[in-house]
Structure formats: C-alpha cells, structure tokens
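S.K.: Numbering (this note's numbering), first residue to last: 41 to 263.
Spelled out as structure tokens, the structure:
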C-alpha cells in the first residue's frame, strides 16, 4: 500500500477490502542485471611483422554497458463507470474504479503477436454501477527491456608513443543490437479494442534505452 503512484491513496479504497489497495510498487522491477566491460586489443608487437597491420588493428579499446530487467507493474482501471460511494470522475487518479476479472492468472504474451496484445483482455468485464471490481492496483507486470551501449575507440599519438598529444577516434553505438523495448500496455478497460495493446516503445530518458539503434562517430584532439 502506497501514498503515491497510480491508484495509490495511503488508505483503503474500500473499507474492509484491503486487498484492493495492496499491490507492487510502481517501480518494482523484480530482476535487473547490469554488466560493464572494458577490453583493450594488444598492440600486436612481435605478432605481425607488418607495422601497418599492427598500427591499424592494435591498440583499440572496447567498452560498454549491458542492462537487462523485468517490466514495471501495470494497473488495470475502468474510466467509464464510477462507483458513487467512494470514487468519482474528479478523484479518478486517486481512486480509479477497477473492473472484474474471471482469473487472477493472466499470462503475458509476446508483444509482437497479432494485435500487439500483452495480456488476454477477454478475462475482464465491467463492474456494475454501485459495486466494486476485484482487480487490485498494479495487477501484473509489463514487458521488460534490455540494451547494450558499446564504444570502440583508439588513441593515435602525435610525436611519439608517449606524447601527450593524440587524436582519439570513437565509434559509439547505443542499443547496439537494435533490440525493441516496448512500453507498458494500455491498462484502461474503457479503451475498447486498444485495451491490453502495446502501441509504443520506451522513449529515451534518464537511464532508459534508445528505442532503436543510434550510432555516432567522433574525433577528439588531446593536447
């Protein structure tokens, strides 16, 4: 039970029905792994007699970060019917009506499946006016995401190997493997055929992956 987040109040929605108010935190990502890596290709001294080959292939640095995590919770709500006892149109975001469900086991589906449905929306039904639905807040989790940001760079010294002056060439790839990271599905029961659909990808923000691969090339002169 929380006092912030979608559908949270800090108190029970309905006295005597505490289970409707309990749910996972809005930021409950159950599993998350982040890997950092850094590798420098040897200078190939003694491995190849051609100095141009050694110069072209040796001395490169590969660095990157790979992150994988499960999805955030999603609340299923009903905006077309408001319970006159505890919820109204003006307090919807503090006390959203909840539809009924015939099962509490809703398997997640492949968002690439026909229709882009993340869950089986046929198990939900509208609650009659004056009654309470049995779906609690943050009922299930949306799709997870994973991405890899990889950099390849090399320092080209000017005036000797230990010279403080050098040119750095960089190739940077964000979401390097172009993995599709989907946003949360539509949890509004009143959305009709769009209820349960995923219609967008995660937009880049602080700590979020790129929606698609982005590559940039850069050069720097250090002196």
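Glycine included, each C-beta is placed from N, C-alpha and C at the ideal position. Being a predicted model, the structure only gives us computed values, none of them experimental.
#1: Kindly indicate if chain B contains any beta-carbon less than 7 Å away from that of residue 74.
#2: To the nearest angstrom, how far is the alpha carbon of residue 162 from that of residue 235?
#3: When you compare the CB positions of residue 227 and residue 111, do they come within less than 7 Å of one another, or not?
#4: DSSP three-state call for residue 253: helix, strand or coil?
#5: Alpha carbons only, please: which of 171, 237, 97 and 222 is nearest the one belonging to residue 187?
#6: How big is the Cα-Cα spacing for residue 82 and residue 63?
#7: Just mark residue 177 as buried or exposed, buried being the case when its beta carbon has 16 or more other beta carbons within 10 Å.
#8: Compare the C-alpha of residue 58 against each of 103, 172 and 74 and name the closest.
#9: Give the secondary structure of residue 58 by DSSP, where H, G and I count as helix, E and B as strand, and everything else as coil.
#10: Quick check on this structure: which residue in 218, 116 and 216 has the alpha carbon closest to the alpha carbon of residue 229?
#11: What's the gap between the Cα of residue 102 and the Cα of residue 77?
#12: With respect to the beta strand (DSSP E) encompassing residue 76, which residues constitute its N-terminal and C-terminal limits?
#13: Please specify which runs of the alpha helix (DSSP H), each continuous and at least 4 residues long, are wholly inside the region 209-248, giving them in chain order.
#14: Identify, in the order they occur along the chain, each residue of the same chain with its Cβ nearer than 6 Å to the Cβ of residue 211, setting aside the five sequence neighbours on each side.
#15: Got a sec: does the ligand GTP put a non-hydrogen atom nearer than 6 Å to the Cβ of residue 213?
#16: Which residues does DSSP pair with residue 106 in a beta bridge?
#17: Please confirm whether residue 200 and residue 109 have their CB atoms less than 7 Å apart.
#18: Let's test the definition: count the other Cβ atoms within 10 Å of the Cβ of residue 105 and tell me whether it reaches 16, buried, or not, exposed.
#19: Going by Cα to Cα distance, which pick from 170, 96 and 69 is closest to residue 113?
#20: Run the CB neighbour count on residue 175, radius 10 Å, all protein chains shown included, and call it buried at 16 or more, exposed below.
#21: Going by C-alpha distance, which of 80, 66, 91 and 75 is nearest residue 194?
#22: DSSP three-state call for residue 163: helix, strand or coil?
#23: If you compare alpha carbons, which of 233, 263, 159 and 214 is closest to residue 252?
#24: Nearest by alpha-carbon distance to residue 12: which of 99, 262 and 96 is it?
M.R.: Reading it off the structure:
#1: Reference to chain B is not applicable here, since this structure consists of a single protein chain.
#2: Here residue 162 refers to the residue found at position 122 of the chain shown. Here residue 235 refers to the residue found at position 195 of the chain shown. If I take the Cα positions, the gap works out to 10 Å.
#3: In the chain shown, residue 227 corresponds to position 187, counting from 1. In the chain shown, residue 111 corresponds to position 71, counting from 1. Contact flag unset, no.
#4: Start at 1 with the first residue of the chain shown, and residue 253 comes out as number 213. It is coil, neither helix nor strand.
#5: Within the chain shown, numbered from 1, the residue matching residue 187 stands at position 147. Comparing alpha carbon positions, the residue from 171, 237, 97 and 222 closest to residue 187 is 222.
#6: Reading the chain shown from its first residue, position 42 is the one you call residue 82. Reading the chain shown from its first residue, position 23 is the one you call residue 63. Take the alpha-carbon of residue 82 and the one of residue 63: they are about 52 Å apart.
#7: One-based indexing of the chain shown puts residue 177 at position 137. Buried: at least 16 other Cβ atoms inside 10 Å.
#8: Residue numbering aside, residue 58 sits at position 18 when the chain shown is read from its first letter. When each option's Cα is compared against that of residue 58, the closest is 172.
#9: Looking up residue 58 in the chain shown gives position 18. Residue state, collapsed to three classes: helix.
#10: One-based indexing of the chain shown puts residue 229 at position 189. Closest by alpha carbon: 116.
#11: Working through the chain shown from its first residue, we reach residue 102 at position 62. Working through the chain shown from its first residue, we reach residue 77 at position 37. Between the C-alpha atoms of residue 102 and residue 77 there is a straight-line separation of about 8 Å.
#12: The residue labelled residue 76 in the question sits at position 36 within the chain shown. Here the beta strand (DSSP E) through residue 76 covers 72-80.
#13: You should have found no qualifying run.
#14: Counting from one through the chain shown, the residue named residue 211 turns up at place 171. If we look at residue 211 and ignore the five residues flanking it on each side, its Cβ neighbours are 192 and 257.
#15: This structure lacks the ligand GTP; in fact it carries no ligand of any kind.
#16: Within the chain shown, residue 106 is the residue found at index 66, counting from 1. Residue pairing by DSSP places residue 106 opposite 75 and 188 in a beta bridge.
#17: Locating residue 200 in the chain shown gives position 160, counting from the first residue. Locating residue 109 in the chain shown gives position 69, counting from the first residue. Judged by their CB atoms, residue 200 and residue 109 are not nearer to each other than the 7 Å cut-off.
#18: Within the chain shown, the letter at position 65 stands for residue 105. Residue 105 comes out exposed.
#19: Reading the chain shown from its first residue, position 73 is the one you call residue 113. For the residues 170, 96 and 69, the minimum Cα distance to residue 113 belongs to 69.
#20: Within the chain shown, residue 175 is the residue found at index 135, counting from 1. In the assembly as shown, residue 175 is a buried residue. Its beta-carbon has 16 or more other beta-carbons within 10 Å.
#21: The sequence position of residue 194 within the chain shown is 154, counting from 1. When only C-alpha atoms are compared, the closest one is 80.
#22: Against the chain shown, residue 163 aligns to sequence position 123. In the structure shown, residue 163 adopts helical secondary structure according to DSSP, grouped into three states.
#23: As a working mapping, residue 252 is identified with position 212 in the chain shown. Residue 214 is the option with its Cα nearest to residue 252.
#24: Examination of residue 12 is not possible in this model, given that the chain is present from 41 through 263 alone.
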